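One structure is given here, and the rest of the page talks about it.
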Amino acid sequence: MGYTVLHIAAEDGDIDRLQHLLTAGQCDINDRGMCEMTPLHSAAGNGHTQCVQLLLQHGVDTSIQDRGGMTPLHRAAHCGHTQCVQLLFQHGADTSIQDRGGMTPLHRAAHCGHTQCVQLLFQHGADTSIQDRVSVE
Numbered sequence: 003m004g005y006t007v008l009h010i011a012a013e014d015g016d017i018d019r020l021q022h023l024l025t026a027g028q029c030d031i032n033d034r035g036m037c038e039m040t041p042l043h044s045a046a047g048n049g050h051t052q053c054v055q056l057l058l059q060h061g062v063d064t065s066i067q068d069r070g071g072m073t074p075l076h077r078a079a080h081c082g083h084t085q086c087v088q089l090l091f092q093h094g095a096d097t098s099i100q101d102r103g104g105m106t107p108l109h110r111a112a113h114c115g116h117t118q119c120v121q122l123l124f125q126h127g128a129d130t131s132i133q134d135r136v137s138v139e
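Take any residue in the sequence shown, count from 1 to its spot, add 2: that is its number in this note's numbering.
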């Protein structure tokens, strides 16, 4: 399964095209494309804050998991996109969802050294007791 024009606009950060597509109302805002990612996964993972905001204003689902179990919050935290993380929190994103490796957005941010995202996740009540499924030897 490939990408729709909505996915491509979100991936590219093309806010004008995204606005046009959403206003036309002919696209499924939660459509899953490549690797089961939604347009919100693409926008959040690439730090396209305006696109994330627009998708959220149109009621996109923040809890959809891609093929690897990652939500848009996982993707934003993994890539260190603090503003996207903040926007997702403002729209009810869940910090406790685990991906297929058992990692939460907090694990992702910490693993990649994104201190500001880690602090933001703490401020929004991220559970520090959740363990991933990877054993350290």
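Quick reminder that beta carbons are idealized off the backbone N, C-alpha and C, glycines included. Remember, it's a predicted structure, so these values are computed and weren't measured experimentally.
Sequence-distant residues of the same chain with beta carbon closer than 7 Å to Thr-6, five excluded per side | Cys-29, Asp-33, Gly-35
Would Gln-92 be called buried (16 or more neighbouring beta carbons within 10 Å of its own) or exposed?
-> exposed
Alpha helix (DSSP H) containing Arg-19: first to last residue?
-> 17-26
Give the straight-line distance between the Cα atoms of Asp-68 and Thr-130, rounded to the nearest whole angstrom.
-> 23 Å
Can Leu-75 and Val-87 be called in contact, C-beta distance under 8 Å?
-> yes
Answer with buried or exposed for Ala-78, where buried requires no fewer than 16 other C-beta atoms within 10 angstroms of its C-beta.
-> buried
Cα-Cα, which of Leu-58, Gly-49, Gln-21, Glu-13 is closest to Gly-39?
-> The identity of residue 39 in the sequence shown is Met, whereas the question assumes Gly. The option with the nearest alpha carbon to Met-39 is Glu-13.
Three-state secondary structure (DSSP) of Ala-128 = coil
State yes or no: is the C-beta of Leu-56 within less than 8 Å of the C-beta of Leu-23?
-> no
Should Thr-51 and Leu-89 be called a contact, given that it needs their Cβ atoms to be closer than 8 Å?
-> yes
Hey, how far is the Cα of Leu-85 from the Cα of Gly-49?
-> It is worth fixing the name first, because residue 85 is Gln in this sequence and not Leu. So the two alpha carbons sit approximately 8 Å from each other.
Under 8 Å Cβ to Cβ from Gln-2, same chain only, skipping five residues before and after it: list those, please.
-> Here the chain covers residues 3 to 139 and nothing more, so residue 2 does not appear.
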